Amino acid sequence: AALALRCKHKELGGSEFAWIGLSDYVTEGKWIWPDGTAGPDGSGGAGYDGFKNGHPLSEGAEHFAAIQNDSLGQWWSLPSKTQQGASAQCYVCERPLFGWLPCDDGDTCTVPGTCQNKACKAGAALQCDDSDKCTLDSCKPGLGSQAGCKYTDNSQAICDDANVCTTDTCEGGTGKCTSTPIATLAVTNVCTDGFTDSGRCYRAFKQTNLNWSLASTACEVWGGKLASIADKAENDVVFAGVTKTHGAQACTTTFIGMNTLNEGKVWQWQDGTSFKYTSWLKGEPNNFGGNEFFGAMNYQGQWKDVSASPLSTACYVCERALAGPKVCDDGDPCTASDSCSSKGKCESQSLGCEDGNPCTIASCSSKAKGCTYTLADTSWLCNDANPCTTDTCKPYVGCESKAKSCDDGDCCTNDACDAKTGKCTTTSKCDDGNECTFDDCTGCGKNACVNATGGHAKAVVRILSDTTVAAFGNGTAGVDVKTNAPMGATTWTDGSVFFTDTRNHAVRRFDPKLETVNLYAGTAEKAGTASGNSVAFNLPVDIETYKDKLAVSDWNNHRIIALTGTNKGEILVGQTGKKGFVDGPVASAKLTHPHGMAVDDAGALFISESKASHRIRKLSADGKTLTTIAGATSPTIGGYKEGAAAGAQFSGPTGMVFDDAGVLFIADRDNHCIRQLQNGVVSTYAGTCLQSGINLQPGTQLSNVKFNSPTGLLHYGAPQNAASGSSPSLLVVDTGNHLVQSVSSTGYGLFIGYHFLSGQNPASEVGETCGAILTDYSVSTICAGLPFPGGITDLPNGDLFITQMGSKDPLDGTQSTNSPGLRLAQASFPCTLPNASKCSSAVCEAGVCGQLVPACNDFNPCTIDSCDTKTGNCSFANAPSKTSCAPGRFCQAAPLGSVCIAPTCGNKVLEPGEECDNGKADLSACSATCSLPCKSEKWSKSLLAGQPSDSKVFDSNKPLQARFKDITGLSFDKQGGVYVLDGGGHLLRYVASNGVVSSLSKGGAGFKDGALKDAKFQSPEGITTQSDDTVVIADRGNSRLRLVDINKATVSTLLMSGGQNQSTSTDGALATATTYYPQGVYADLSGPLYINDDNGNSVRRLADGIVITLLPKKSEQSGGLLGGPKPISLVSLADKPYLAVEAEGVFTIENQKTKTLKLGVSNVYAMTATKTELILGGYGKQTGEVLALKLDGTARPMSTAFSNPVVIAANSKGDVYVADGKIKKSQGNSAPALATAIYTLKQACTGASAGCTKDADCDDS
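Structure, rendered in structure tokens:
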């Protein structure tokens, strides 16, 4: 109440407030009185509290208390009067009634002083104790907010437990200490300035005048360190970051965090860890100059060592953690990656000291304060398994490999080391990469290489006869010809070839110009003993040009026949049907199973006896006397003995031939070697006698060559050339090894053929290329499978005619004949090296310069010839339009390529100008089907079998009473019957020409090969007739292509599925290729089989045992099939495969490009081809319409009287068959129907001929 003094001095204006001595000026929030005692703070603090509600204020400069000049006398906190806007102009002072007056001693750390003796005596020290044990209390002298009592947090000093892995706290007031484990740090380091991977942030920098140390310091400033790389993935990330930041190849040197500061002895990362992964550049690290102690990355991401010298421009990569545990130190130098665990402990991992150097033993020592590396004798660990390198172990560097030198000092070769064997190999440096040229090196100069064109870079082995059957057939080679164990062959003066068709008991003639085979002598397929004008044979074996005649060894008649004309022959020596060993005049001389023959320069005929005699006999040049010249002592079972001819022994001698020097070479079949007779002495020329085998290493010495039952011999090539050093080769028909080998004085090499392993089918290997001719004058390659070859002869142009016996010994009646036939190896050979430069515009024929012949010329006027410059492989495309055949012949497509076809009457090949019936009115001999063109386009429809509204399986002798479940394919035979694929019933059925409907296979879904009557299919969707007696079925449900042999009534799998894990088909050889849910198949007349495969997403072709995809599942052309409809059915027209699809249009494959022909039919569902047009059918916009699309692109309706024609096919006569039905598989107008009825569409022709009525109707011109 006493303080409620009113200040009413008018001169002061009646102030509202008066100052009192309370303030928090020294320490904000702590209000004290002038004597240092604590005052109230508005919340009921020490002593009396007179503050007005809401005071004191906590912000601004309101540090001083004033009493309000009213009846209440409440306290306010106000700013100093020196502050602008202050309103207190009065103040209240107090002093003791007795004592010293107070004064300000100028010290904020003392209470106010007292006036004594005319001076201000300092007050007592200000007490700053806040009673909090967790703070450090002190007073700061001076004025202002920073002076006065101070209370500092002292928790760490009080509660520090010396563990960096805990956070230590102090409880206010009580001072109780608490330690808490540090948790894993949160992600706080964002990586906006670099690139991230696996919780790390990287950044690539580029700087001038930079070395490794400066780069390391720069990374520390950035908050990290130079990058350490733990594996290839991280190396790729770092390298990619550098390339992306600065560009490809912009940083030739990029510093990373590796160094070897112990003078290059041990490489480690900047954090002290050793290498677990390296990516050193070849030859690095090399410590060039002795001061390369730092690591860097080159512009390809490989490592190198560098020195400390600054580079004008360099890059570096820093890294830092995005987040991770707090780092600690456990004090152990043999640990790394020390960090705080969730338990508040410092945990670590063992320091990895492995340096990747097999030359050192790595360990860690606390005494050595880290990793130590001791040299060890472990150089054997440096073996890189490369025989072409020398491997050594070097300290501090590791394994070092030096390449083996293979330089042969020849400037014409490229020398290299074979990585598999370690042997040095050489190739011609003049190889121009064009396999269609012959390459030669003439020296070391600039223009030393000669690359001659022309001739055959790789020869072709053609099949001239049907190798699938042992039979007899004359006609066009490759089409009509059939043989049965042909053995011997010889070339006549006109270039034609005569050969013995042994088991057909005939001699036959091959005309290489017309490419025809005819019977020349003998009664085909029947043995006989006659001679004279109707000569007959009993197993004729060999044939040889003898004077102006043909000598034939009639093996089982024990005689030699001389053919003097067609079917005319006389006995030269031997007694018909009487074997024996009798020398002397030919009238009484006897032979035993005569086999091979050879004629010497004087005209004498040498004869080998291959069974029960094993001798070499000689018919004198005058033909009057028979003598024995070698093997007289050979036992009846054969033997082996060298030396004088009279005492020498053979075992099954067969083929023989003389060379230019008069040496007689003999194929000693059962001794498995080649013998030679020279100057009355018999010795071994090539092979390891008494031991069969094979050794296909080129250049093998003749004594190490191996044969298996050699049968035929041919002296092949140009005569001995002393100037050039060239010499011909001896070609050996190596029957048991299924090949022809070439042997000469320089060694031997594989010539023609393919060696078949046990259990393989030789016929399946036809056409495989292998080996090379290794004579000293030729480098051509001729390879193909030769199942049991027998005889060989050469044509004037160098081509080789080879007989294929089909069994190892056709003369043994117990052996069956498999794959007999005839082969023609076509080849032209380059000149010998000394002559090569003289043939700049010509090629060599048999070693001499001749006329220029286009490479790969097969001398077939019906083919287009080309040579692949990369592989040298020849290709001969069919060219049926070419008409350059001989008069009276014409080109026709055949399975093995187009050939010139000659008209035939029965087994007789017609010569040019000959009539079909040879003047006889025998129309059955006509080779063509005769009819006049149809003059009407009207079609008549009739129901053949089944009913359109009844779906089930039911056979019947009456076709209209028969029922079909759901027809998915139609095909035909030559007898007028129809093969019906009843996919709904899962079986194959047949409608005979007389209307009888029968089931050929067992119904019900399943899979079973074997007998046709028991075979099972699953949802088959396509069928085609491949030949007269085989049918191919696309067995979609079983994911297979099935082959039905009608004659044998069997079913087999042609193309297999790839298994349960397969999701697509695979190309390749037929034995390894697979199919994936095929749903269409079409056999082209020219041989290939087209397949709608991959669940309808691809079109593939099977030809010559190879399966390829024509239309890929992923189309590379816009408008391809992949994104659109699936193909439904296949057909071939004008040598181009077509396919129909489930949308508007017909797609045709031309050079693997896709072309669309738009039609007015929404769903073309099935089609077939005639000679001039495609027959299309479908349902949708124009339900039931069948159209004919002509080759000019125009379409015409054939019939609209169908409901849902879903399968269409046409026979060879042009009649159209339609599978139709009315039962829908699902709802909707566009839904497919069950095809349960077969209709025919036949042209109602006017003025057409029913067939041949006179010879003129058979004109095939």
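For the sequence shown, counting from 1, position 141 maps to 1613 in the working numbering; every step adds exactly one. Cβ atoms here follow ideal geometry from the backbone N, Cα and C, with glycine treated the same way. The structure presented is a predicted model; accordingly, all values stated were derived computationally and were not measured.
Extent of the continuous alpha helix (DSSP H) run through residue i
{"i": "residue 1713", "result": "1704–1718"}
{"i": "residue 1687", "result": "1684–1694"}
Opposing strand residues paired with residue i [DSSP bridges]
{"i": "residue 1668", "result": "1673"}
{"i": "residue 2564", "result": "2552 and 2571"}
{"i": "residue 1546", "result": "Answer is none; residue 1546 lacks a bridge partner."}
{"i": "residue 2069", "result": "2079"}
{"i": "residue 2524", "result": "2515"}
{"i": "residue 2507", "result": "2512"}
{"i": "residue 2054", "result": "2062"}
{"i": "residue 2647", "result": "2640 and 2660"}
{"i": "residue 1961", "result": "1971"}
{"i": "residue 1731", "result": "1740 and 1766"}
Extent of the continuous beta strand (DSSP E) run through residue i
{"i": "residue 2498", "result": "2494–2499"}
{"i": "residue 1990", "result": "1988–1993"}
{"i": "residue 2101", "result": "2097–2102"}
{"i": "residue 2081", "result": "2077–2081"}
{"i": "residue 2791", "result": "Lying before the first or after the last residue shown, residue 2791 is absent from the chain, which here runs from 1473 to 2733."}
{"i": "residue 2009", "result": "Taken as a continuous stretch (DSSP letters only), residue 2009 belongs to no beta strand (DSSP E), as it is neither H nor E."}
{"i": "residue 2490", "result": "Element bounds for residue 2490: n/a, residue is neither H nor E."}
{"i": "residue 2035", "result": "2031–2037"}
{"i": "residue 2536", "result": "Taken as a continuous stretch (DSSP letters only), residue 2536 belongs to no beta strand (DSSP E), as it is neither H nor E."}
{"i": "residue 2022", "result": "2021–2026"}
{"i": "residue 2691", "result": "2688–2692"}
Nearest-angstrom beta carbon gap, residue j and residue i [assumed within contact, 8 Å]
{"i": "residue 2508", "j": "residue 2708", "result": "Actually they do not touch by this definition, with Cβ atoms about 19 Å apart."}
{"i": "residue 1889", "j": "residue 1878", "result": "5 Å"}
{"i": "residue 2660", "j": "residue 2680", "result": "With a Cβ gap of about 11 Å, residue 2660 and residue 2680 do not count as contacting."}
{"i": "residue 1975", "j": "residue 2259", "result": "At roughly 15 Å, the Cβ-Cβ gap does not stay under 8 Å, so residue 1975 and residue 2259 are not in contact."}
{"i": "residue 1694", "j": "residue 1836", "result": "That belief does not hold up - the Cβ atoms of residue 1694 and residue 1836 are roughly 31 Å apart, past 8 Å."}
{"i": "residue 2440", "j": "residue 2418", "result": "Contact flag wrong, Cβ pair sits at about 13 Å."}
{"i": "residue 2154", "j": "residue 2095", "result": "Residue 2154 to residue 2095, Cβ: 25 Å. No contact."}
{"i": "residue 1698", "j": "residue 1654", "result": "The Cβ separation is near 27 Å, so there is no contact."}
Burial state of residue i, where buried means 16 or more other Cβ atoms lie within 10 Å
{"i": "residue 1643", "result": "exposed"}
{"i": "residue 2549", "result": "buried"}
{"i": "residue 2427", "result": "exposed"}
{"i": "residue 2551", "result": "buried"}
{"i": "residue 2674", "result": "buried"}
{"i": "residue 2125", "result": "buried"}
{"i": "residue 2591", "result": "Caution applies to residue 2591, whose pLDDT of 33 falls short of 50 and renders its modelled position unreliable; the value that the coordinates give is listed next. Exposed."}
{"i": "residue 2031", "result": "buried"}
{"i": "residue 1760", "result": "exposed"}
{"i": "residue 2668", "result": "exposed"}
{"i": "residue 2545", "result": "buried"}
{"i": "residue 1891", "result": "exposed"}
Beta carbon proximity, residue i to chain C, threshold 7 Å
{"i": "residue 1958", "result": "Absence of chain C from the displayed structure is noted, only one protein chain being present."}
For the stretch 1933–1944 against the stretch 1989–2003, are there 3 or more C-beta pairs whose distance is under 8 Å? With a cut-off of 8 Å, the stretch 1989–2003 and the stretch 1933–1944 count as touching, because enough Cβ pairs lie within range.
Taking 8 Å as the cut-off, does the stretch 1763–1777 touch the stretch 1809–1818 (at least 3 CB pairs, one atom from each stretch)? Taking 8 Å as the limit for Cβ pairs, the verdict is that the stretch 1763–1777 does not touch the stretch 1809–1818.
Three or more beta-carbon pairs under 8 Å between the stretch 1666–1684 and the stretch 1637–1656, yes or no? Verdict: no, contact absent.
Taking 8 Å as the threshold, find out whether the stretch 2059–2068 comes into contact with the stretch 2017–2031 through three or more Cβ pairs. With three or more CB-CB distances shorter than 8 Å, the stretch 2059–2068 counts as touching the stretch 2017–2031.
Does the stretch 2035–2043 come close enough to the stretch 2076–2085 to have 3 or more Cβ pairs within less than 8 Å? Taking a contact to require three or more Cβ pairs closer than 8 Å, the stretch 2035–2043 and the stretch 2076–2085 do not qualify as touching.
Quick check: the stretch 2135–2145 against the stretch 2179–2189, are at least 3 beta-carbon pairs closer than 8 Å? Flag = yes, the stretch 2179–2189 and the stretch 2135–2145 touch.
Does the stretch 2528–2545 come within contact of the stretch 2449–2467, defined as at least 3 CB pairs closer than 8 Å? Not touching, per the Cβ criterion.
At least three beta-carbon pairs within less than 8 Å, the stretch 1709–1721 to the stretch 1669–1680: By the Cβ criterion, the stretch 1709–1721 is in contact with the stretch 1669–1680, since at least three pairs of Cβ atoms, one from each stretch, lie closer than 8 Å.
If contact is defined by three or more beta carbon pairs under 8 Å, each pair taking one atom from either stretch, is the stretch 1747–1754 in contact with the stretch 1679–1687? Pairwise C-beta distances place the stretch 1679–1687 out of contact with the stretch 1747–1754, as fewer than three of them are shorter than 8 Å.
Can at least three beta-carbon pairs, one atom from the stretch 2004–2022 and one from the stretch 1947–1965, be found at a separation below 8 Å? Note that the stretch 2004–2022 touches the stretch 1947–1965; at least 3 beta-carbon pairs, one per stretch, sit closer than 8 Å.
Are the stretch 2517–2531 and the stretch 2480–2494 touching, with three or more C-beta to C-beta distances below 8 Å? When C-beta atoms of the stretch 2517–2531 are compared with those of the stretch 2480–2494, three or more pairs fall below 8 Å, so the two segments count as touching.
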